[in-house]
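Since the structure comes first, as structure tokens, the remarks are kept for the end.
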Amino acid sequence: MQNNSAEIPIQHAKGIGPGRARLFACLGIRTVGDAFYYIPHRYDDRSHLKPLNLLDPGSAETVSGTVISMDEKRRRNGNFHIFEIVLHDGSGYLKVKWFNQPYIRRNFKLGQTVVVSGMVKKNTFDMPPVEMDSPEYEIVTDDGDSMIHTKRIVPVYGLTAGISQKQFRKLMFSIIMDHAAGIQDPLPARTISKNGLAGLAESVLQLHFPTHADDMKELNSGSSRYHRRLIFDELFMFELGLAVMKSAEGRAKGISFRSQGRLRNTLLKLLPFRLTPAQQRVLEEIERDMKAPHPMNRLLQGDVGCGKTVIALLAMIEAVESGFQAALMAPTGILAEQHFMIIHNLIGRLGLKTLLLTSGTEKHAEICGADIIIGTHALIQEKVVFRRLGLVVIDEQHKFGVVQRALLRKKGSSAPDLLVMTATPIPRSLAHTIYGDLDCSVINELPLNRKPSLTRWIEASKKDEIYAILKRELGKGRQAYVVYPAIEESEKMDLKSAAQGKTAFERRFPEFRVGLLHGRMKAEERTTVMALFKKGEVDILVSTTVIEVGVDVPNATVMLIVHAERFGLSQLHQLRGRVGRGTDESHCILIAYHPLGEDARRRLKIMVQTSDGFRIAEEDLGIRGQGEFFGTRQSGLPELRHANVVRDAALLEAAKAEAFSLIAEDPELKESPFLKKQLDVFWKGRVDLFSTG
Ligand code: ADP
Ligand code: MG
595 MQNNSAEIPI QHAKGIGPGR ARLFACLGIR TVGDAFYYIP HRYDDRSHLK
645 PLNLLDPGSA ETVSGTVISM DEKRRRNGNF HIFEIVLHDG SGYLKVKWFN
695 QPYIRRNFKL GQTVVVSGMV KKNTFDMPPV EMDSPEYEIV TDDGDSMIHT
745 KRIVPVYGLT AGISQKQFRK LMFSIIMDHA AGIQDPLPAR TISKNGLAGL
795 AESVLQLHFP THADDMKELN SGSSRYHRRL IFDELFMFEL GLAVMKSAEG
845 RAKGISFRSQ GRLRNTLLKL LPFRLTPAQQ RVLEEIERDM KAPHPMNRLL
895 QGDVGCGKTV IALLAMIEAV ESGFQAALMA PTGILAEQHF MIIHNLIGRL
945 GLKTLLLTSG TEKHAEICGA DIIIGTHALI QEKVVFRRLG LVVIDEQHKF
995 GVVQRALLRK KGSSAPDLLV MTATPIPRSL AHTIYGDLDC SVINELPLNR
1045 KPSLTRWIEA SKKDEIYAIL KRELGKGRQA YVVYPAIEES EKMDLKSAAQ
1095 GKTAFERRFP EFRVGLLHGR MKAEERTTVM ALFKKGEVDI LVSTTVIEVG
1145 VDVPNATVML IVHAERFGLS QLHQLRGRVG RGTDESHCIL IAYHPLGEDA
1195 RRRLKIMVQT SDGFRIAEED LGIRGQGEFF GTRQSGLPEL RHANVVRDAA
1245 LLEAAKAEAF SLIAEDPELK ESPFLKKQLD VFWKGRVDLF STG
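Position 27, counted from 1, in the sequence shown is what my numbering calls 621; the numbers after and before it change by one each time, with no gaps.
See the structure below:
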């Protein structure tokens, strides 16, 4: 096999000792390959720098000149320090100033050549006519490297303390020149030509030390064909991992459930409603998968309140009728308990046993004796052992990740079927690429009898309006949620805390019962409060976001969100989804406090405009950007450093098509050992791709 330069440890590169290697590590560069992918954040065209006599105030420029004078000034009792130099380039002069950085003078000497980048300003005090304040600068005394730092397009890198731009650029220059030619390209030649991609070695060279001035604009905007090549690679690796998982699971031997639908039909008769056509359709899709000899891998998407729980339950009792156990994992204890209560009530009547597993201290015998086991993360603890796990359901999948999914699944003796449910935290346009390893079912309608909730955005000052709505609803025997962002008063942020809110509501509505729920309460206390609210023995539930997902109390018709400006869009949508679950009209009231940022305003506006979860997800992604959108979710997916799934949607499609067709031909990448190795590196520490089969 060809020697691959990318794997060389960075300290073996020329000029890099242990100290430098540590600095590089701070930047995430541990190998020569990491350096290849450490892309400059900007390029300066120094191939023809503007003569100083042509500088216009008001424009950003990079120019160079010789230091012909240096001066230090102190003002106001020595508290204010200015260091200034004058640069000359034969054509004209430029004054450059730094304020209150006295140490900076040590970096300059008369006669040096200096490159500065910054805004050109009019010099109103003296001569010369133009100046720059606190520019980025680089000293380029001629030590034989001038061709790296001047008279060309130069890269400007993001740096860490302890190394100058010039030193770093010089090291990068030798790394790239010594090693880029030895890059082994993991992509199949066919993929490269079909998608018109630039070569990998060429891309790395051009991204670090560009040779074509024509490329400048695209390079600086990150849209050059060399950037595209890196982006494609990243997306390809991402999709390839999903393709491998999907293919392995598709080939694995799974369970063919043999139920006759006896329990399912009994349960359907017990339900107080009939399934919607959309629910029926997805249930059929799920049952078809369960009967097939391969493990099911299905994503059930559907907006908040569309009725996913009952579908999960129906699938679970199919598994039970076939002699297997089913497990349901929820992201919070409150939600797990709620699922348990609902399911326990319903299927107790069918003579089945349900177990709520909260801490993992339950006895082995209990777990083995249960038909349906419901819990939180506790389910994936090592000590939890099932008797015969056949179906795994994960609720609110976006709160978990690929890794937890794989862990729970491993609890089955043979590969259990998997159903993951989510209320569209991901725009539809992305779902099939991000969850590319799952088949997708969508419940695209709400039960018929629903009235959409009325959403209002009310200024905190208009308290009376808010209280009037509350009073009217409570008077009709309905219940209300009041949600606060924090549980304790934080002086700095001046947040109204849930605990204080409770007192305030008790005073304001003495005739109604107020309950409090927050994350720091003991589990039993939370259970008690929740149970009272469910039974209608608490009218107003003041809480933090612990009720964000899943909670289902149809008699609650008011959702009042205090400091709504502090919540994220998908959080607001989830919270609103707690009401509008019965047949009565319901109200979502967003109370916003000033000052309101631009993003907060956008979020609140969207909430008032639409209740379509898909649209909200699109907007959310647009506001937050993908880093936040995916990163904070512990998604377990590899981090994308170059690609942006929204901006690069077309490349993502292309990469997906290539990845899936390659895996269809060669499921275990036997023909592409190098690609296979790279793929393992890309997914490392997340999913063991080639052993999950
Ligand atoms: P989600 O999809 O958000 O998890 P749930 O499963 O909690 O929604 O269902 C929301 C509410 O709708 C529950 O009270 C549930 O009993 C009810 N529900 C589910 N399906 C139907 C239906 N077909 N007709 C009427 N109500 C339904
Ligand atoms: Mg739910």
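Glycine residues also receive a C-beta, built at the ideal position from the N, C-alpha and C atoms.
Predicted model only: the values in this text are computed from it and were never measured.
Chain-order list of residues whose beta-carbon lies under 7 angstroms from that of residue i (same chain, five-residue window excluded)
i     : result
K1086 : Because the pLDDT at K1086 is just 45, under 50, the model does not fix this residue reliably, and the value given afterwards should be weighed accordingly. So no residue of the chain qualifies.
R746  : R640, S641
L864  : L940, R943
First and last residue of the uninterrupted alpha helix (DSSP H) at residue i
i     : result
P749  : Run containing P749: none in the alpha helix (DSSP H); it sits in the beta strand (DSSP E), 747 to 750.
H1188 : From DSSP, H1188 is part of no alpha helix (DSSP H); its letter is neither H nor E.
I966  : That residue, I966, is in no alpha helix (DSSP H); its beta strand (DSSP E) goes 966 to 969.
V876  : 871 to 885
I547  : The requested residue 547 is not part of the displayed model; the chain covers only 595 to 1287.
R822  : 819 to 845
I936  : 927 to 942
R763  : 759 to 773
Beta-carbon contacts of residue i that lie in its chain and below 6 angstroms, excluding the five residues immediately before and after
i     : result
L765  : G609
V680  : I662, S663, Y687, K689
I623  : I604, A629, Y632
I602  : V626
G1006 : L983
T948  : I937, H938, I966
E990  : P925, V1143
N598  : Q778
A930  : A924, I968, G969, T970
Residue i, DSSP secondary structure in three states
i     : result
I610  : coil
G1006 : coil
N814  : helix
H682  : strand
P706  : It should be pointed out that residue 706 corresponds to Gln in this sequence rather than to Pro. Q706 falls in the coil class under three-state DSSP.
D563  : As displayed, the chain neither begins before 595 nor continues past 1287, which places residue 563 out of reach and without an answer.
R1209 : helix
M890  : coil
G1069 : helix
V1173 : coil
E912  : helix
L951  : strand
G793  : coil
V977  : Here residue 977 turns out to be Lys, not Val, going by the sequence shown. Three-state DSSP puts K977 in coil, outside helix and strand.
V1202 : helix
F867  : coil
T718  : coil
E1290 : In this structure the chain extends from 595 to 1287, so residue 1290 is not present and cannot be described.
P1261 : coil
C900  : coil
P723  : coil
L1310 : Past the edges of the chain, shown from 595 to 1287, lies residue 1310, and the structure says nothing about it.
S1164 : helix
I905  : helix
G855  : coil
Cβ-based neighbour list, residue i, same chain, cut-off 8 angstroms, excluding 5 preceding and 5 following
i    : result
I768 : Position check: residue 768 holds Ser in this sequence, whereas Ile was assumed. Same-chain partners within the cutoff: A607, K608, G609.
H635 : V750, Y751, G752
L704 : V661, I662, S663, M664
Y637 : I747, V748, P749, V750, P804, M810, L813, N814
A972 : L951, T952, S953, G954, V978
Endpoints, beta strand (DSSP E) assigned at residue i
i     : result
T1016 : 1011 to 1016
V657  : 654 to 669
F693  : 687 to 693
G917  : From DSSP, G917 is part of no beta strand (DSSP E); its letter is neither H nor E.
V1239 : Counting along the chain, V1239 falls outside any beta strand (DSSP E), and DSSP gives it neither H nor E.
D639  : 636 to 639
G984  : 983 to 988
Residue from the options with nearest C-alpha to residue i
i     : options                   : result
G1174 : K1004, A1150, V734, H1112 : A1150
V1132 : L1068, D1178, V1140       : L1068
Q695  : N671, N717, E666          : E666
E881  : L908, L1032, E843         : L908
Y1029 : L973, Q895, L951, E931    : Q895
G816  : I961, L801, G672          : L801
R1196 : G1162, F851, F719         : G1162
S1047 : G652, I1063, E1179, L951  : E1179
What residue ranges within the stretch 1076 to 1161 form continuous beta strand (DSSP E) runs of no fewer than 3 residues, ordered along the chain? Positions of the beta strand (DSSP E) runs, each at least 3 residues long and wholly inside the stretch 1076 to 1161, are given as 1108 to 1111, 1134 to 1137, 1150 to 1156 in order along the chain.
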